[in-house]
Structure formats: C-alpha cells, structure tokens
C-alpha cells in the first residue's frame, strides 16, 4: 500500500501540486471499498432502513388507532377513585345530594347501564360541579379531548384558554368570570339534564373558590397520578 | 457539506447520487418565504406574544437560518462549478465554515425548538390550572435565550472540531434523546386526551367516532414527518463513524444529497404542521398577505368568506 503511494509521489508531477492531489490519488488508486462478492443487494441497508421506517410509522399509527377504539381497560377503574379523592378534597358538600340525584339518573339511563352510568355520571357531575373553581383544569383537559381530539387542539387548548379567558392576561380575570364561562360552556356541550346543573350550580358558587385554591396543588399531583395510571 | 469523490465507474459500484442545484434552490426559497412569514406574523400581532407562539417563532427562525445557509451554499457551489469561484481559496473556505456552522446551529436549534413546543403543550394539558404561572413569558424568553446560546456555541464548536468523532456522537445522541422525549410527551398527552374523549363519548348524543382517528393521524404525522426527515441524515452520520469501509454502508452514504433534500423539505413542511394549525396565525397571514387596512380588504374578505 505504502509503496504505491511512494511511487505516485516520486513520479515527476510538474502539473500537479503535492498535498491536494495526493489525497485524490489515494482514493483513485487504493480503493478501500471493494464491491466484489457482495452477498446481498448493494442497496440493502437503504432498503432495509426505509422499509423499517415505514413499518414503524404505520405500526405507530395502528397502535394509536387501536388505543382510541378500545382504550386500555384499566384506565377507567382508577379514575373514578381518584375523582372521588379529588372531589373529597375539593368540595365536601357535593357528596350529600349524590344519593338523591343518583336515583334520578337511573331513570335517565336504562337499567343495564346502571353501574357504568353511575360512574360516568359521577365523573360528569364532577365536571359540572367543579366547573367553578377546580373545574378549569379538567375542563381544559376535556377541551383538548373533546374539541377534536386532534393534537392541534392541544396547541389550541392553550389558545382556548387565551380565547376563553379573553386574551393573554389570564391572571387579570376574576375567578368567577372564568368559572361561569366554563360552566356554561360545559353544560351547553355536555347536554346534561338540568336537574344536575341546578343542584350543583347553587351549591358550588363560592365554596369552590375558597376550598379549591389549596387543592389546586393536589389537583395537578393527582392528575399526574392519573396520567401515570393511564400510561401503566 | 460533505463531498464524497466519485469512484471509477463499475457496474457494481454505488455512484454518488447528485441532486440538481435547482432542487435545493427551490426548496430553500419556499422554506425561506414560509418561515419568514411565520416570524413576521408572530412579531407583528400582539396577541401572538405568548410562550406557545414564541416557541413556534423560534422554530421558524431556525428554519429560516437553515434555508438561507443552504441556499447560500448551493449558490456558491453553483458558482464554483461554473468556474466563477475558486473553491480552494482561503476566503471561500472560511465562508464555507461559517455556512456549516450556521447549518449545524439551525439543526440543533430545530430539535431544541421541537422539544420546547412539546414541553409547552405538555404543561398546557397536564398543568392547565397553573399553566400561566409555570410558563410565563419571561421564563419562555429565558429558555429561548438559553437555546439560542447553546445552539450558537454548539454550531461553532462542531465546525471547529468537525473531524472529531465525539461531535458526531454528540449529534446522534442529542437526536435520539430528543426523539424519545418528544415521543413520550406526545403519547402521554394523546392518552390523556383520549381518556377524556372516551368519557365524553359515553354520554348520550355526543359520539364522534371519526374524531378518534384524527388524533392518531395528527400525532403520527407530527412524529412521522420528524423521524422520516431527520433519521436518514443521522444514520448517515452513524455509518460514517461505524463502518467506513463496508460496501453496503458506502452505498447508503452515496445517497447523502437525497438525505439533505429530506432535511430541507422538513423545513418546508414544518410551518404546515406547527404554525398554520393555529387559527389566529392563519388570520394574521390573511390580513398581512391580502390587504392591510384598505377598502379592498373587505371585498377580498367577502370573496373568501
């Protein structure tokens, strides 16, 4: 190998420079890569890489679609418990009329759905009842979920918080205005029978504002737990 | 950037695939105009001075810088091919180094901006109640300043020490870590949004089955485009370090310019994925592009609405 290079260098080369052309000749005479005797196709890495990438993207899409259609069954179980926990932290009064209004809910829904309707209504009533002060957190989460489920709405969930709160100065807005706006937004979209609304709106008017400030910290923590449950 | 010298023609060889300079120029121009539009729109509209749009603006700025440098480099290569420029001159090499530094800086900046946008969206979803306390404008500005400083230093260091293997390893590790972080953040957000949507769908009269596909499609597109555009380039870097003499790797490396085209096309697609999704930005574009305050504006609006 070195003899070849020396040979090239010692040859009289009046027209060429030394260093620059040396490198060029290195590539020219001494081919480090031999293409003889290839077992597989020479573009096999290229083909393998692109096929693998395409399979990965399609696989990811199907996994996500499957998740949307079926969902992980264990997701639903811990959540009502956490919601009760959060509810207990937030506003205690809501617990009391539960017994009365549950009977009404059973009339609204058919019998076979009794258990599920109870748990779902529990969650939805929480959203109603906590549409006041604790609400905004869950409301925005559900905004991100409901408005289209497209991720662009997650970017717009931040936007919606700006729009719904009249611009960027969220800190400047009164808590009551925010809660009322989101409460009406919720009831309008959720289309829940009025008896649920009327019972909770009167009770959770100011209690939420007082009782829910400290649990704001717990809210985010339990929501992180929620997220952890979702992932696990 | 790199330029592999062509091997003597042999039917079993992998010739370097050359992409015409016109393709790079067109891509560069399109990407430059789109991203510049995004930057100008965010700067001019006071409503868009929030952390979310600041991160999008930063991404658009990095894309602008990368398309500018790539276009400039293509022009210089075109001139040197024609013979107007001496490609071995000192000043040309220095300019080439500056261009490479700007390109490295913008690549790292793009990756960091994607991460920042993902973190911002994550905080919006999971800490929505305290979002405006966590993500203040001042903190976002500080984060952006940090990102820009880091990218500027990294770009300069990379070009100064570009022969060292550790630079390539750093680049690849940064890419992999960002990829995994972005995937984790978005999938977590997706799962939460999904569980909410399922609860809502369980209520009577609110079933929207077609929406469920849209979220999966959006996330796949966001992440898929990122991976498809960036991974080939990073695999090239990896193969440069790992298998220098392997003929299969050589064949992969011969497609380097195609991988660069993919990188540039990501700068073209980026505004469509991030910026143009926002209704506020779209309205700002319409106002900026079609009219400012003239009576013509209302007629044009009437046409479009």
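Protein chains in written order, with my numbering: chain A, 412 to 643; chain B, 150 to 454. By construction, the Cβ of each residue, glycine as well, lies at the ideal position given by its N, Cα and C atoms. Remember, it's a predicted structure, so these values are computed and weren't measured experimentally.
Per the coordinates, the alpha-carbon of residue 417(B) lies some 43 Å from the alpha-carbon of residue 353(B). Taken in chain order, the members of the segment 458-478 of chain A whose beta-carbon sits within less than 7 Å of a beta-carbon on chain B are 460, 464, 468, 471, 472, 475, 476, 478.
With respect to chain A, the C-beta atom of residue 365(B) has a partner C-beta closer than 8 Å.
Counted as a single uninterrupted DSSP element, the stretch harbouring residue 454(A) is not any alpha helix (DSSP H), since DSSP gives it neither H nor E. By the neighbour-count definition (other C-beta atoms within 10 Å, threshold 16), residue 402(B) is a buried residue. Taking 8 Å as the cut-off, the Cβ atoms of residue 266(B) and residue 332(B) do not count as close. Among the residues of chain A, those whose CB is under 7 Å from the CB of residue 380(B) are 464, following chain order. Contact of residue 311(B) with chain A by beta-carbon distance below 9 Å is absent, the smallest such distance being about 17 Å.
Put simply, the backbone Cα of residue 206(B) is about 13 Å away from that of residue 181(B).
For residue 285(B), no alpha helix (DSSP H) encloses it, and the DSSP letter there is neither H nor E. Of the residues 263(B), 244(B), 322(B), 233(B), the one whose Cα lies closest to the Cα of residue 424(B) is 263(B). Of all residues in the segment 376-405 of chain B, those with a C-beta nearer than 8 Å to a C-beta of chain A are 376, 377, 380, 381, 384, 388, 393, 394, 395, 396, 397, 398, 399, 400, 401, 404, reading in chain order. By the neighbour-count criterion, in which 16 or more other beta carbons inside 10 Å mark a residue as buried, residue 413(B) falls on the buried side. In this structure residue 406(B) does not touch residue 231(B) by the C-beta definition: roughly 19 Å separates them, more than the 8 Å allowed. Secondary structure of residue 313(B) (DSSP, three-state): coil. Collapsing the DSSP output to three states places residue 258(B) in a helix. Around the beta carbon of residue 317(B), a 10 Å sphere encloses 16 or more other beta carbons of the protein chains shown; the residue is thus reported as buried. The DSSP-derived three-state label of residue 429(B) is helix. Counting along the chain, the unbroken alpha helix (DSSP H) around residue 185(B) starts and ends at 170-193.
Contact between residue 339(B) and residue 368(B) holds: CB atoms are separated by about 5 Å, below the 8 Å threshold. Taking 8 Å as the cut-off, the beta carbon of residue 280(B) is found no closer than this to the beta carbon of residue 453(A).
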